[in-house]
Amino acid sequence: MSTLQTLTEMSRNLGRPEHDYVILGEGNTSARVDDDTFYVKASGFNLASIEAEGFVKVRFDAALAILDETGLSDGEVKNRLLAATVDNPAQRWPSVETTFHAVCLTVGQAAFVGHTHPSAVNAILCSQQAEAAVAGRLFPDEIVVCGAAPAFVPYVDPGTPLALEIRAALFRHADAYGELPKVILMQNHGMIALGQSAGEVERITAMYVKTARVIAGTFAMGGPRFMTPENVARIHARPDEHYRQRILEQMAKRQD
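Heads up: take any position in the sequence shown, counting from 1, add 104, and you land on the working numbering.
Quick look at the structure:
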């Protein structure tokens, strides 16, 4: 399948009502086309029913340049995003969160990105103890699929401010862990899955939703008992777990 076809299928899978990842027009997705451009969901489209025409192609340089300017009004940002599109005769507006997708596909080194608002995840991220609740890892498969740790971003206004915070969080995470995150958690907002394939984005999202349910469940029994840093590092580095990751990726590529 083409990149656009794969992105469309991934988006529809993330939007399936039974998953409870998004409702109505929530969420957005993107995929790298080449070094210069990427596809991102256009504003107003529903992930569950989106077709190829629900995406617009955007130039990385033009989208990222918005982050270097201060004082732009919402209207000016919207116009800059439209001007950043290519092959867009219908003049569809890119998502207001296009800039953070550009960041995740460049600084975050992802090939596909899925941003969703799962109820199970937001039940944690909208709580008084959000940052503490996600501070540790709970079980091995969380580490295998979602990485050694997520990046956490305090609430900021969606759009340019959020993209700037995400960019800073990616750099902090790389400095702290020596690698980029597969999950970004945004307080009072939702999650982002960064994958090298559409299938990986779907797996990361599903596993982190399970993780959120487990986190919530632990508070009925006194709160989470996190794995030790040594145990997390061991799982993250084990050859058999790396083998499992490769098998999962090969399966995803066959599906894509």
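Every residue, glycine too, gets a C-beta built ideally from N, C-alpha and C.
For G240, which option in A316, T189, A297 has the closest C-alpha, if you only look at C-alpha atoms? A316
Buried or exposed: V144, going by 16 or more other Cβ atoms within 10 Å of its Cβ? buried
3 or more residues per run - each beta strand (DSSP E) lying fully within the stretch 222 to 265: 255 to 257
How would you call S301, buried or exposed, if buried means at least 16 neighbouring beta carbons within 10 angstroms? buried
Between V248, T220, R307, Y259, which has its C-alpha nearest E235's C-alpha? Y259
Going by other Cβ atoms of all chains shown within 10 Å of its Cβ, with 16 needed for buried, is A341 buried or exposed? exposed
Report the three-state DSSP secondary structure of K145 (helix, strand or coil). strand
As assigned by DSSP and simplified to three states, the class of M380: No information on residue 380 is available, as it lies outside the stretch 105 to 360 that the chain covers here.
I247: which of D124, A337, T202 sits nearest, CA to CA? A337
Inter-residue Cα distance where the pair is A146 and A320: 33 Å
Please go through the stretch 159 to 186 and give each complete alpha helix (DSSP H) segment of 4 or more residues, from N-terminal end onward. 164 to 169
Just to confirm my understanding: we take F330, look at its own chain, exclude 5 residues before and 5 after, and list those with CB closer than 6 Å. What are they? G240
How is M114 classed by DSSP in three states: helix, strand or coil? helix
Alpha carbon of G129 to alpha carbon of R276, nearest angstrom: 31 Å
Give me, in chain order, the residues of the same chain whose beta-carbon lies closer than 8 Å to that of A227; leave out the 5 immediate sequence neighbours on both sides. A316, A320
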